[in-house]
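Notes follow once the structure below has been shown.
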């Protein structure tokens, strides 16, 4: 089967969940080959990539790849596209990933598809547009298909593979060294899981009423060991930080359990959470659109329902 390159997303040597999703997707269409660009590669990382189907792992660990902004990773991929002629290149549809994909498309004179939610036979990509109201299918017609895939679009499934390593040496161009990273600041993290990787997400919306009231949402999340999310209305109002926004213009999540409290369910929000396995909606408006996709719904005041739910969860610990 044809080789499909998958750019590995990693932080401090840890492979991100989205990479496992991309390897799973690539496995359904060809032979996955992971591309590790930058420092931090380890035996643990190799084992993780092989566990999820990477038949080959191209390793470019030169420190300077991580010393500059974005461009070096695009050059590593361009080198491999020229040398290996892969069937396609999959990249996570993150801010950095989409920029890498765009640069790679220019370097290889290829077409690029962004924000795919699925990829089928012939590398036909499915995209969700207009806030999730319309699905379209696209295909690259020139060069090597370069596709960025939204996180949480594919469930990662382990399937052990060889994980054969191959070292890659790339001489970076002067252009790739144009923007150097001069400082890194580690963001403080709480005890809650990362939003896009959490198995349970509890989100609050306009119905929460204020930033202070989000403590109700946080207490339920902490009782469940969940991440906290918010609707665009809540983040635009300044009630919760924008990095926790769930929706088409925010994060896409697909947890085992998604609890939405005080969220009416505009198309924009649904686009970011509608693939969740079980959806629970709490809203005093029985006509709220989010009830249409809910597995369980509670018509009631969230200020009464959520604290009682938190109390019941705490009793079962």
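Numbering (full-length UniProt numbering), first residue to last: 1 to 317.
We put the CB at the ideal spot given by N, CA and C, even for glycine.
Small disclaimer: the values here were computed from a predicted structure and weren't measured.
Bridge partners - residue i, DSSP secondary structure assignment
| i | result |
| --- | --- |
| residue 195 | Paired residues: none, contrary to the question. |
| residue 36 | 59 |
| residue 128 | 135 |
| residue 186 | Residue 186 pairs with nothing; no bridge assigned. |
| residue 167 | 59 |
| residue 203 | 229 and 260 |
| residue 14 | 11 |
| residue 211 | None; residue 211 has no bridge partner. |
| residue 144 | Looking at the DSSP assignment, residue 144 forms no beta bridge with any residue, so it has no partner. |
| residue 321 | Past the edges of the chain, shown from 1 to 317, lies residue 321, and the structure says nothing about it. |
| residue 5 | 33 and 89 |
| residue 180 | 68 |
| residue 120 | 124 |
Cut-off 6 Å between Cβ atoms - residues of its own chain near residue i, not counting five sequence neighbours on either side
| i | result |
| --- | --- |
| residue 19 | 8 and 9 |
| residue 21 | 154 and 156 |
| residue 278 | 257 and 295 |
| residue 291 | 281 and 297 |
| residue 76 | 37, 60 and 170 |
Neighbourhood of residue i by C-beta, 7 Å cutoff - its chain only, sequence neighbours within 5 removed
| i | result |
| --- | --- |
| residue 83 | none |
| residue 17 | 156 and 197 |
| residue 375 | Here the chain has residues from 1 to 317 only, and residue 375 is not among them. |
| residue 102 | 112 |
| residue 67 | 180 and 181 |
| residue 95 | none |
| residue 210 | 239 |
| residue 78 | 104, 107 and 108 |
| residue 99 | 70 |
| residue 27 | 53 and 159 |
| residue 268 | 131, 232, 247, 248 and 249 |
| residue 133 | 267 |
| residue 51 | 158 and 160 |
Cβ-Cβ distance between residue i and residue j below 8 Å
| i | j | result |
| --- | --- | --- |
| residue 306 | residue 261 | yes |
| residue 164 | residue 56 | yes |
| residue 282 | residue 302 | yes |
| residue 152 | residue 11 | no |
| residue 195 | residue 310 | no |
| residue 125 | residue 110 | no |
| residue 147 | residue 87 | no |
| residue 115 | residue 92 | no |
| residue 255 | residue 208 | no |
| residue 314 | residue 171 | no |
| residue 25 | residue 119 | yes |
| residue 300 | residue 284 | yes |
8 Å contact criterion, which residue i and residue j should meet: CB distance rounded
| i | j | result |
| --- | --- | --- |
| residue 319 | residue 230 | Only positions 1 to 317 of the chain appear in the structure, and residue 319 is not among them; the question remains open. |
| residue 34 | residue 23 | 7 Å |
| residue 339 | residue 288 | In this structure the chain extends from 1 to 317, so residue 339 is not present and cannot be described. |
| residue 238 | residue 217 | Not a contact, Cβ separation roughly 15 Å. |
| residue 123 | residue 106 | About 19 Å separates the two Cβ atoms, so there is no contact after all. |
| residue 54 | residue 32 | 5 Å |
| residue 250 | residue 232 | 7 Å |
| residue 71 | residue 104 | So it is not a contact: roughly 10 Å between Cβ atoms. |
Nonlocal neighbours in the same chain, by C-beta distance under 8 Å from residue i, ignoring five residues either side
| i | result |
| --- | --- |
| residue 280 | 257, 258, 259, 260, 294, 295, 296, 297 and 298 |
| residue 46 | 57, 163 and 165 |
| residue 64 | 72, 172 and 177 |
| residue 97 | 7, 9, 91 and 148 |
| residue 191 | 222 |
Just to confirm the assignment: which complete beta strand (DSSP E) runs, minimum length 3, are found wholly within the region 52-117? 56-60 and 88-92
Uninterrupted beta strand (DSSP E) stretches inside the region 269-314 (no shorter than 3 residues): 278-283 and 296-299
For the region 225-265, list the alpha helix (DSSP H) runs that are entirely contained and at least 4 residues long, ordered along the chain. 232-236
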